[in-house]
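Participant:
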Amino acid sequence: MKNLVEGLNEEQCAAVRASLTGSILVLAGAGCGKTTVLTRRIGWLCSNGFDPEHVCALTFTRKAADEMRERVSGIELMKECERRPFIATFHSFALFILREKIDEVENFVRLGYSAAPTLQTEKERLKLISEIVAKGDREILGVDLIGLESLITRCTVFPEKINAFSGENQLIIRKVLHQFTYEKRRRGVWDFEDLTADVIELFKLDFSVLERYQKKFRYFLVDEFQDTNPVQIAFLRQLLLPSTGLFAVGDDDQAIYGFRGADVRPTLEFTTIFNNAGIVKLQTNYRSSLQILHAANSIFKKKPQAYRKILRSGLSNKSSKGVPPKWLHFENQTQMADFLIGEAQKQVGSLKINIHQCAVLFRINRSLEWVSQYYAQQGFTTEETPALVTIHGSKGLEYPVVFLCDLEESVFPNYRPPGKKVRKGRIVGKILDYFIGGKAPAVCDWDEEQRLFYVGVTRAKQVLYMITVRNKFVYGRKRKFERSRFRKLF
DNA sequence: CGGTAGAAAGTTTTT
DNA sequence: CTTTCTACCG
Numbered sequence: 004m005k006n007l008v009e010g011l012n013e014e015q016c017a018a019v020r021a022s023l024t025g026s027i028l029v030l031a032g033a034g035c036g037k038t039t040v041l042t043r044r045i046g047w048l049c050s051n052g053f054d055p056e057h058v059c060a061l062t063f064t065r066k067a068a069d070e071m072r073e074r075v076s077g078i079e080l081m082k083e084c085e086r087r088p089f090i091a092t093f094h095s096f097a098l099f100i101l102r103e104k105i106d107e108v109e110n111f112v113r114l115g116y117s118a119a120p121t122l123q124t125e126k127e128r129l130k131l132i133s134e135i136v137a138k139g140d141r142e143i144l145g146v147d148l149i150g151l152e153s154l155i156t157r158c159t160v161f162p163e164k165i166n167a168f169s170g171e172n173q174l175i176i177r178k179v180l181h182q183f184t185y186e187k188r189r190r191g192v193w194d195f196e197d198l199t200a201d202v203i204e205l206f207k208l209d210f211s212v213l214e215r216y217q218k219k220f221r222y223f224l225v226d227e228f229q230d231t232n233p234v235q236i237a238f239l240r241q242l243l244l245p246s247t248g249l250f251a252v253g254d255d256d257q258a259i260y261g262f263r264g265a266d267v268r269p270t271l272e273f274t275t276i277f278n279n280a281g282i283v284k285l286q287t288n289y290r291s292s293l294q295i296l297h298a299a300n301s302i303f304k305k306k307p308q309a310y311r312k313i314l315r316s317g318l319s320n321k322s323s324k325g326v327p328p329k330w331l332h333f334e335n336q337t338q339m340a341d342f343l344i345g346e347a348q349k350q351v352g353s354l355k356i357n358i359h360q361c362a363v364l365f366r367i368n369r370s371l372e373w374v375s376q377y378y379a380q381q382g383f384t385t386e387e388t389p390a391l392v393t394i395h396g397s398k399g400l401e402y403p404v405v406f407l408c409d410l411e412e413s414v415f416p417n418y419r420p421p422g423k424k425v426r427k428g429r430i431v432g433k434i435l436d437y438f439i440g441g442k443a444p445a446v447c448d449w450d451e452e453q454r455l456f457y458v459g460v461t462r463a464k465q466v467l468y469m470i471t472v473r474n475k476f477v478y479g480r481k482r483k484f485e486r487s488r489f490r491k492l493f
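Going by our numbering, the first residue of the first sequence is number 4, and it counts up by one from there.
1. For residue 361, which three-state DSSP category applies?
2. Applying the 10 Å Cβ sphere with the 16-neighbour rule, what's the burial state of residue 84?
3. Would you check if the distance between the CB atom of residue 297 and the CB atom of residue 99 is smaller than 9 Å?
4. So, using beta-carbon positions, are residue 362 and residue 406 closer together than 9 Å?
5. Going by DSSP in three states, residue 474 sits in which element: helix, strand or coil?
6. Within the segment 252-326, note down every full beta strand (DSSP E) run reaching 3 residues or more, in order along the chain.
7. Does DSSP put residue 453 in a helix, a strand or coil?
8. Using a 10 Å radius around the Cβ and a threshold of 16 neighbouring Cβ atoms, would you call residue 197 buried or exposed?
9. DSSP state of residue 36, grouped into three classes?
10. According to DSSP, is residue 468 part of a helix, a strand, or is it coil?
11. Do residue 117 and residue 72 count as a contact pair if the criterion is CB distance below 9 Å?
12. In terms of alpha-carbon separation, which member of 262, 175, 372 and 160 lies closest to residue 135?
13. Please list the terminal residues of the continuous beta strand (DSSP E) segment that includes residue 480.
14. Measuring only the C-alpha atoms, how far is residue 304 from residue 33?
15. Return helix, strand or coil for residue 102, following the three-state DSSP convention.
16. Which one of 251, 243, 120 and 279 has the shortest CA to CA distance from residue 270?
17. Express the C-alpha separation of residue 55 and residue 131 in angstroms, rounding to a whole number.
18. Put residue 31 into one of helix, strand or coil per three-state DSSP.
19. At which residues does the beta strand (DSSP E) containing residue 332 begin and terminate?
20. Between the C-alpha atoms of residue 397 and residue 167, what's the straight-line distance to the nearest angstrom?
21. Contact defined as beta carbons within less than 8 Å: I believe residue 31 pairs with residue 281. What is the distance between those atoms, to the nearest angstrom?
22. Suppose the cutoff is 6 Å on Cβ atoms and the five residues either side in sequence are ignored; what does the same chain contact list for residue 122 look like?
23. Determine the DSSP secondary structure at residue 22, reduced to helix, strand or coil.
24. For residue 14 versus residue 286, is the C-beta distance shorter than 9 Å?
25. Quick one, are the C-beta atoms of residue 234 and residue 184 less than 9 Å apart?
26. Please tell me whether residue 63 and residue 238 are closer than 9 Å, where the distance is taken between their beta carbons.
27. For residue 413, name the three-state secondary structure that DSSP assigns.
28. Identify every run of the alpha helix (DSSP H) within the segment 40-77, keeping only runs that are complete inside it and at least 4 residues long; order them along the chain.
29. Under 9 Å, do residue 78 and residue 43 count as touching if we go by C-beta distance?
30. In the structure shown, what three-state DSSP assignment does residue 419 receive?
31. How far does the beta strand (DSSP E) with residue 391 in it extend, from its first residue to its last?
32. Give the secondary structure of residue 463 by DSSP, where H, G and I count as helix, E and B as strand, and everything else as coil.
33. Which same chain residues end up closer than 8 Å to residue 342 when comparing Cβ atoms and leaving out the 5 residues on each side of it in sequence?
34. Taking DSSP as the reference, what is the three-state secondary structure of residue 90?
35. Threshold first: 4 residues or longer. Then list the alpha helix (DSSP H) segments lying entirely within the segment 214-252, N to C.
36. Quick one: what does DSSP say residue 527 is sitting in, helix, strand or coil?
Okay, structure coming up:
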């Protein structure tokens, strides 16, 4: 029992040993050891009388689930025990429930599916949508196929959003959603987002199924809680009896998946939503130099006290004050790409690291692809270049050396073209001018961009460069860019 | 109805 | 620039 908190700091201990009843939210700053806390908490539960099979831990990616499973198995206490906690992604947990057979009837049959559903690919989904919806409907809604697809996603995840549309639009959306659901059931196909939604339906349809799971799982743990969508929260809340425990780990500062339906509100309003709730903050960082932590801390200065985290260093080697993060600007992408590879090689020598431990982070894939193709043309193999990755893709990872790119206003923070307007039944085209600060007011989710910036900065352990390119080719045209407003943060 | 020219648009992504 | 969508013609 003692070794479960061995080597942990005070905050981490408090989290692992928090009350066994009620709900706990662990607000874990970047690099503060959240996975360790999560896995040790599972060990703590089991050493305090919980049967491992009554414990359910949910994550978002298979990789995270696999890692957690492995780390839990590594705990001494668990090795003596045959029984294992249930560790899965939200999706595979839902799929597991749907495929289960109760009283000789498969659960999905209860929902009206004609055959065991198969998962639909993105392409199949778009095809089905285009088959259902008439072109006229799309024009009235003022969206293209992709726009409609994301509209459907959002309305499935936030059903109350449908009410926000005006009469005619609302009617169309309801019709499309209804048709879409009907067709999927008839054909026996699932979208990923159907999995959770269908389980909720199933639980409503047959309360005894829900009851079985409520009794089976007496404790839930959720990783990356800030990335949950409202459907997942509803699913979780159904499963929680007043006596069921909940241990949620997340970071509202790293919520970067709003665009796919994630909603930070349950994290921010945790104590009002969940039973008997407490909050523990993890603010001791074991990843970055003091200089990098200082930069990271200056991003959310204006946040309300209750949720503000100040990262302090937990590294014993205090000489690792590090070097100040550097802002650089280049005239064009070629100059930048040449610098990146040269500087990465230099750092490989001085820090005694592998070149893949140097990461070039991009806001958009197009920039990443440009650099990647440039290196190919220069004859470099991927073995010889730094890791090229989007900021979204870098979440959860860390690198001794980080080059944070795309720091031009409109690229990062990213502007989207203003929404399309319908005039005389026709869609008015979007205007490209927003890229060069033209007249069309661009849309920017500043808060989410800021969190993305925070994620980018906190990937760096020792060396951080922030890079602006003045002239870039965008859609085949050379354009001038201003330095990003992030420059003003520190 | 299908083929095609010309217009329009163009983040971030896991399951 | 490239990909996707639309309008129009045969």
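Think of the CB as a built atom: it goes at the ideal place given N, C-alpha and C, for glycine as much as any other residue.
Source: prediction; values computed, not measured.
Facilitator: The short version:
1. strand
2. exposed
3. no
4. yes
5. strand
6. 280-285
7. helix
8. buried
9. coil
10. strand
11. no
12. 175
13. 480-483
14. 16 Å
15. helix
16. 251
17. 42 Å
18. strand
19. 329-335
20. 35 Å
21. Not quite, the Cβ-Cβ distance comes to about 15 Å (not below 8 Å), so this is no contact.
22. 193
23. coil
24. yes
25. no
26. no
27. strand
28. 65-76
29. yes
30. strand
31. 390-393
32. strand
33. 331 and 333
34. strand
35. 233-242
36. Because the chain is modelled from 4 through 493, residue 527 falls outside the range shown and cannot be assessed.
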